[in-house]
Every structure is written in structure tokens, then in C-alpha cells.
Amino acid sequence: MATHKTELRTVNVTRYITPLREGGSLPALAEADDDFKYVLKFRGAGHGSKALIAELLGGEIARTLGLKVPEMVFANLDEAFGRSEGDEEIQDLLKGSQGLNLALHFLSGALTFDPVVTQVDEKLASKIVWLDAYTTNIDRTVKNTNMLIWHKELWLIDHGATFYFHHSWSDWKKAAESPFPYIKDHVLLPQASLVEAINNEMIDQLSDEKLREITSLIPSEWLDWEGSEMETQEIREVYFQFLAHRRDHAHNFVKQIQHARETLI
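Here my numbering is used: the first residue of the sequence shown is -1, the next is one more, and so on.
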């Protein structure tokens, strides 16, 4: 059982270094007032605060399950930040991201995981595949592995494509019980032979207390959705209920993983 208290530090962004032009969300390499460099993800980009919520929940659940994820911090952008930025697209992005954003510690010198070069052992592969089926992560494929090799260890990054149910926000219970067929495209599926064996271990680490701890991290300002009639605490409660219900119905996606592996083999 995980016993550590889930907390995030808050830093102030002091320098925008360079955009990281992967995908459409324009994350950036930035420096903060703690003198560390971070991969900064903006609430004013792409899917807005929902992508940050997905990143936060997905990353902290991975950490709870004992997987390696760069430290995440809340990153505050002052209203004056970025005024001198020459690129209009980036300037608009910075203006639209004032307040709290999310940043991940920059793993300097890390290499993109290549399944041809690096072999992942069966237990670790099974844990990662279980995690991604649980969080409905559609974005850990051969084309986009979203994993890095740093200090000879495997690190997970970029969980912004998890929990895709929240983009339509309809029938969360049905989404929680879904088997997740997209797992067939997972880059580590061939090695994930122990998913059934590690299932109870994974479930046991995701107690109601831990899931509430993680969902309580979501800043209220990220839950102030335009057009939504729900209060922020109601939205936060749906995230908790989704996670708890999906955990309790893990057999649905475990069976899907096994089926996908049988088809693959």
C-alpha cells in the first residue's frame, strides 16, 4: 500500500526558454524561481484545463503505483509574463494561461524510449499497460511511446490524453466500466504477460483514501468550466467516482488486455 502523502509544490515561472513543438498543445521548456527547468504545460492550450487535469491525475496515479514519473509542480504564470515574446501565437498562449499551470521536471539528457533498442521486463510492462487501460490512455503507442530512458531507468511522461470521457462529460459510469479496446495499440502490450497476476496488487494501492487525495489536488480554477452547470466540487467528485468505479471493474479492461494479447500473438 502507498502511504506517502500526495502533495505538489508551487513554483513561479521566471523564464520561457523554448517551445517544444510536439503535438498541438505547444508545451515549453521553462525555468522557475527554484532554479530548475521544467516542461511547462499550459491551461490556455488545446483542451485547456482538462488536459492539465488528465496530466495531473494520470501522473500521480502512475507514481502511486510505483512507476517513475518526473516530479510535477503547479507553475504560476504572472500576468506580465511573456509580454516581450515575439511570436504572436506563443504570446497569446501565455496570455491565456495566466495563473496556475502544470509543469514536469525536465529530465536533461533523457532519450526517447525505443522498443527495438530497450527491452522492458514483463512485470514493469504489465504495470504500465494496466495503468494505461485504467486511465484510458490512448497515447502510448509505437508512434508515440511517451516514455523516456533516463539514468538507465524507464520514465513515463505525457498523460494529457488520459480520461478522454471528460471531453464529452456524459455517462461517466458507462465510461468507467468500458473495456478500453485501444489498448491493442499499446507499445508494451507484447511484453505485458503478467497483467492478471499483478491486478490485485495494483487495485490494492488505489484505495478510496488515496484516490480522494489525488483528486483533491485538482485546483478549483481548473474546474471552472465555461458552460458547465456543475459546481467545482461536483466535478471533482465525478473524477473520484470514475476512478473508484473503474478500479472496482478492473476485470473488464484486464480481460480486454488479455484478448488483445491473444490476437497479437
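Glycine included, C-beta positions come from ideal geometry on N, C-alpha and C.
Curious, which full-length alpha helix (DSSP H) runs of at least 4 residues does the region 200 to 250 contain? 206 to 213 and 230 to 246
Please name the residue, chosen from Leu187, Lys93, Phe161 and Leu122, that lies closest to Thr261 on a Cα-to-Cα basis. Leu187
Go through its chain and collect everything with a Cβ distance to Thr230's Cβ below 7 angstroms, but skip five positions before and after it. Ser218, Leu221 and Asp222
Provide the residue(s) that pair with Arg13 in DSSP beta bridges, ordered along the chain. Glu29
Tell me whether Ser95 is buried or exposed, calling it buried when 16 or more other Cβ atoms sit within 10 Å of its Cβ. buried
Going by C-alpha distance, which of Tyr14, Gln89, Gly44 and Glu53 is nearest Tyr36? Tyr14
Work out the CA separation of Val185 and Val114 for me, nearest whole Å. Rounded to whole angstroms, the separation of the alpha carbons of Val185 and Val114 is 11 angstroms.
Nonlocal neighbours in the same chain, by C-beta distance under 7 angstroms from Leu105, ignoring five residues either side: Pro68, Leu146, Trp148 and Trp153
Can you name, in chain order, every residue of its own chain whose Cβ lies under 7 angstroms from the Cβ of Ile255, other than the five neighbours on each side? Val127, Ala131, Ile181, Ala190 and Val193
Could you tell me which residues DSSP pairs with Phe72 in its beta bridges? Thr8 and Leu100
Can you give me the Cβ contacts of Thr62 inside the same chain, cut-off strictly under 8 angstroms, excluding the 5 residues immediately before and after it? Ala0, Thr4, Gln203, Leu204, Lys208 and Ile212
Can you tell which of Ala60, Ala195, His247 and Ala43 has the C-alpha that lies nearest to the C-alpha of Glu120? Ala195
Residue interval of the beta strand (DSSP E) (run including Lys39): Unbroken beta strand (DSSP E) run through Lys39: Lys35 to Lys39.
Beta carbon of Tyr237 nearer than 8 angstroms to that of Leu100: no
Inspect the beta-carbon positions of Trp170 and Phe163 and report whether they are closer than 8 angstroms. A contact, by the Cβ cut-off of 8 angstroms.
Which two residues bound the contiguous beta strand (DSSP E) that contains Glu175? Neither: Glu175 is in no beta strand (DSSP E) and is coded neither H nor E.
Among Glu175, Pro17 and Asp206, which has the Cα closest to the Cα of Asn250? Glu175
For Gly225, count neighbouring C-beta atoms within 10 Å of its own C-beta (all shown protein chains included) and say buried if the count is 16 or more, exposed if not. exposed
Compute the distance between the beta-carbons of Val11 and Ala73, then report whether it is under 8 angstroms. Contact flag set, yes.
On the criterion of 16 or more Cβ atoms from any shown chain inside 10 Å, does Leu102 qualify as buried, or is it exposed? That one is buried.
Which same chain residues, not among the five before or five after Glu87, have their C-beta less than 8 angstroms away from its C-beta? Cβ-Cβ distances below 8 angstroms link Glu87 to Leu24 in the same chain, with the five nearest sequence neighbours on each side left out; the list follows chain order.
For Met200 and Lys93, believed in contact at Cβ under 8 angstroms, the rounded distance: Not really, about 41 angstroms apart at Cβ, beyond 8 angstroms.
For the beta strand (DSSP E) that contains Leu154, what are its first and last residues? Glu151 to Leu154
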